[in-house]
Amino acid sequence: AAVGGGPRVLRALTGCLLGALVLSTLLGNALVCLAVLRFRHLRNKVTNWFVLSLAISDLCVALLVMPWKAVTEVVGGSWLFGGHFCDTWVAFDIMCSTASILHLCIISLDRYWAIANPFRYERRMTRHLACAMIAVAWALSILISFIPVQLHWHKAKDSRDLGSWLPGTPRCDVRLNRTYAITSSLISFYIPVAIMIITYTRIYRIAQAQIRRISTLERAGGQWPAHGKEPTSSLRSSLQKETKVLQTLSVIMGVFVCCWLP
């Protein structure tokens, strides 16, 4: 009994951890959606539309992908939901993951445009343009997921007729052929990551230039005998905010690459 209890305890612990992960993902993204939809000042900012759509894509991951994968992991890797749903699940997995990454890429572009040229950004980044960018992200995610998977283009030639389900085995196989693997990985990961690295690097440089200007003004403000305290304090506060932005951007890129690169 003691020998057999080890795997059961491990599976129970795995189930609890994965269940908590699914619930926290659902709750966190649901709160983001609720906040954007509930408060007018958040809805009025075009940037938050991208955040809302990103939260929806992550909600789809938590609803359509994570529960089934969690159950499969808990039962030791066996797929219990049949061959037809296996293909559907694979398509949902690719679609939701791609949509999430593309939205992160869009947000990085949006922030770069807003910082690099704020006046032109205010004129050109309208709700119609934001909706068009969101629609393109979702359409591209659907095109590289459901169509290839349902037509079995994602499988090797000798197993296209089998779909993702492997008869005689209790597993949902997600191995991809070389052409589809390269194409989907470029669209779903490498190109968005390259864009994000470029945009955040440029944002970093712009922020560094701002910090240097603030430091110069702060030193000049130190020469003001009577009224120099208030400007100096304000500039120091701005400098601290810029530094926090740089740290946040570094953490975002580091976590993103570490989680998705494997």
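Heads up: the sequence shown begins at 2 in the working numbering, then just goes up one per residue.
Backbone N, C-alpha and C fix where the C-beta goes; we use that ideal spot for every residue, glycine too.
Nothing here was measured: the structure is a model prediction, and the numbers come from that model.
Exclusion of the five residues before and after Pro68 leaves Val23 as the residues of its chain whose Cβ lies within less than 8 angstroms of its Cβ. In the same chain as Arg203, and ignoring 5 residues on each side of it, the C-beta atoms closer than 8 angstroms to its own belong to Tyr113 and Ala117, in chain order.
The beta carbons of Ala13 and Ser58 sit about 31 angstroms from each other, so the pair does not count as a contact at 8 angstroms. For Leu19, the CB contacts under 6 angstroms within the same chain, skipping 5 residues up- and downstream, are Ala71 in chain order.
The region 134 to 143 makes no contact with the region 176 to 184: fewer than 3 CB pairs, one atom from each, lie closer than 8 angstroms. With a threshold of 16 other beta carbon atoms within 10 Å, Ile95 meets it and is buried.
Contact annotation: Ala92 and Phe147 have beta-carbon atoms nearer than 7 angstroms. Counting along the chain, Ser101 sits inside the alpha helix (DSSP H) bounded by residues Gly84 to Ala117.
Between Asn49 and Leu55 the beta-carbon gap is near 10 angstroms, outside 8 angstroms, which marks them as no contact. Rounded to whole angstroms, the Cβ separation of Ala131 and Tyr122 is 12 angstroms, and the two are not in contact under 8 angstroms.
With fewer than 16 neighbouring CB atoms inside 10 Å of its own CB, Thr217 falls in the exposed class. Approximately 16 angstroms separates the beta-carbon atoms of Phe190 and Ile108; this is outside 8 angstroms, ruling out the contact.
Met67: member of the alpha helix (DSSP H) spanning Met67 to Val75, first to last residue.
Proximity to Ile253 across His85, Leu105 and Arg124 peaks at Leu105, based on C-alpha coordinates. Put simply, the backbone Cα of Met126 is about 12 angstroms away from that of Asn45.
In this structure, Leu27 sits near Ala63, with a CB-CB distance shorter than 7 angstroms. Between the C-alpha atoms of Arg124 and Glu74 there is a straight-line separation of about 49 angstroms.
For the pair Cys34 and Cys61, the CB atoms are not nearer than the 7 angstroms cut-off. With 16 or more other Cβ atoms from the protein chains shown falling within 10 Å of its own Cβ, Ser142 counts as buried. Rounded to whole angstroms, Ala36 and Ala221 show a C-alpha spacing of 42 angstroms. Judged by beta-carbon spacing, Arg172 lies within the 7 angstroms limit of Trp80, meaning their Cβ atoms are closer than that value. Rounded to the nearest angstrom, the Cβ distance from Ile196 to Leu110 is 7 angstroms, consistent with a contact under 8 angstroms. Excluding its 5 nearest sequence neighbours in each direction, Ile188 has C-beta neighbours in its own chain below 6 angstroms: Ile145, listed in chain order.
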